[in-house]
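Engineer: Read in order, the letters of the sequence shown correspond to residues -8 to 176 in the numbering used here. A virtual CB, placed ideally from N, CA and C, is assigned to each residue, including glycine. Sending over a structure as structure tokens; questions will come in a sec.
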Amino acid sequence: MRTLSLFLLLLPALTGCEHLFGKAEPEEPGEVLGVFHVVGTRASNTCGEGALGATPTWEFDVELSREEGILYWNNGAELVLGSLADDDRTFSIEASSVVDMRTEETLAYAPCSLERRDIASGKLQKAGEDEIVPGFSGSLTYRFSPTADSECMDLIEGETALFTMLPCTMVYELAAVRLAASESE
């Protein structure tokens, strides 16, 4: 049970995106686009129904800003740099982390670490005459894979199973609407 709690703490993007991508909250760089309310709707899931507490839909807010070739994604806890295409609208963001799945209760098991890779891609809606970007759409993919030399069978079998299979993937389609200007606008 502690493994589940530990992993759920490390997967907040599935429950509100509080720590999606990045490390710390620096001052907002670039041209601020505003705060966007995002609704994610699950498009596919090979991890298993309810894996890691994932639900069919989830919502979160994110502040976006940009400069030439870069989109900044700030969820209030972290800032992540993504790439922005020459059209100044198409973006992609990638991040990954490795989580040791063993806790005090499971130290007797063989080592097990999972890599979580997050891949977001999408397109900002075209700005109007007022140059305000009204929203964006895209997708967010989570990939979970055991790291080299990991023995993670207990995560897919038995009482403590968290997944139907590993590696596995969850994909959410994103639709976002601009809420407001940020404090730095």
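Is DSSP giving Gly44 helix, strand or coil here?
Structural biologist: DSSP places Gly44 in helix when its eight states are reduced to three.
Engineer: Please return the same chain residues whose Cβ sits closer than 7 Å to the Cβ of Glu150, not counting the five positions on each side in sequence.
Structural biologist: If we look at Glu150 and ignore the five residues flanking it on each side, it has no Cβ neighbours.
Engineer: Taking DSSP's pairing of strands, which residues face Val29 in a bridge?
Structural biologist: Its beta-bridge partners are Phe51, Ala167.
Engineer: Where does Thr97 fall in DSSP's three states?
Structural biologist: Here Thr97 sits in helix by DSSP.
Engineer: In three-state terms, what does DSSP make of Leu72?
Structural biologist: In the structure shown, Leu72 sits in a strand (DSSP, three-state: E or B).
Engineer: Specify, as a first and last residue, the run of the beta strand (DSSP E) that Ala111 falls within.
Structural biologist: Start and end: 104 to 115.
Engineer: Give the C-beta separation of Glu50 and His28 to the nearest angstrom, bearing in mind that I take them to be a contact with Cβ-Cβ under 8 Å.
Structural biologist: Right, their Cβ atoms sit about 7 Å apart.
Engineer: Under a three-way DSSP split, which group does Met161 fall into?
Structural biologist: Met161 falls in the strand class under three-state DSSP.
Engineer: Considering only DSSP beta bridges, list what Leu62 is partnered with.
Structural biologist: In the DSSP output, where bridge partners are listed per residue, Leu62 has Arg57, Gly73.
Engineer: Once you ignore the five residues that flank Thr32 on each side, which residues in its own chain have a CB closer than 6 Å to its CB?
Structural biologist: Excluding positions up to five away in sequence, the list reads Thr48, Glu164.
Engineer: Measure the beta-carbon distance from Gly129 to Ala111 and round it to whole angstroms, keeping in mind my assumption that it falls under 8 Å.
Structural biologist: Yes, they are in contact, since the Cβ atoms of Gly129 and Ala111 sit about 6 Å apart, within 8 Å.
Engineer: Give the single residue among Val23, Cys38, Gly21 whose Cα lies nearest to the Cα of Arg134.
Structural biologist: Minimum Cα distance to Arg134 is reached at Cys38.
Engineer: Would you decide whether Leu35 is buried or exposed? Buried here means 16 or more other CB atoms lie within 10 Å of its CB.
Structural biologist: The question names Leu, yet the displayed sequence has Ser at residue 35. Classification for Ser35: exposed.
Engineer: Using only the alpha-carbon positions, how far apart do Thr155 and Cys143 sit?
Structural biologist: Each residue's Cα considered, the two are about 12 Å apart.
Engineer: Counting along the chain, where does the beta strand (DSSP E) carrying Thr138 start and finish?
Structural biologist: Segment: none, Thr138 is in no beta strand (DSSP E) and carries neither H nor E.
Engineer: By the 10 Å Cβ neighbour count, where 16 or more other Cβ atoms means buried, how is Ile84 classified, buried or exposed?
Structural biologist: Under this definition Ile84 is a buried residue.
Engineer: Could you have a look at Asp91 and say whether DSSP puts it in helix, strand or coil?
Structural biologist: If DSSP states are grouped into helix, strand and coil, Asp91 belongs with the strands.
Engineer: Per DSSP, Glu22 is paired with what?
Structural biologist: Arg57, per the DSSP bridge assignment.
Engineer: When you compare only the Cα positions, how much space is there between Asp77 and Arg93?
Structural biologist: About 44 Å.
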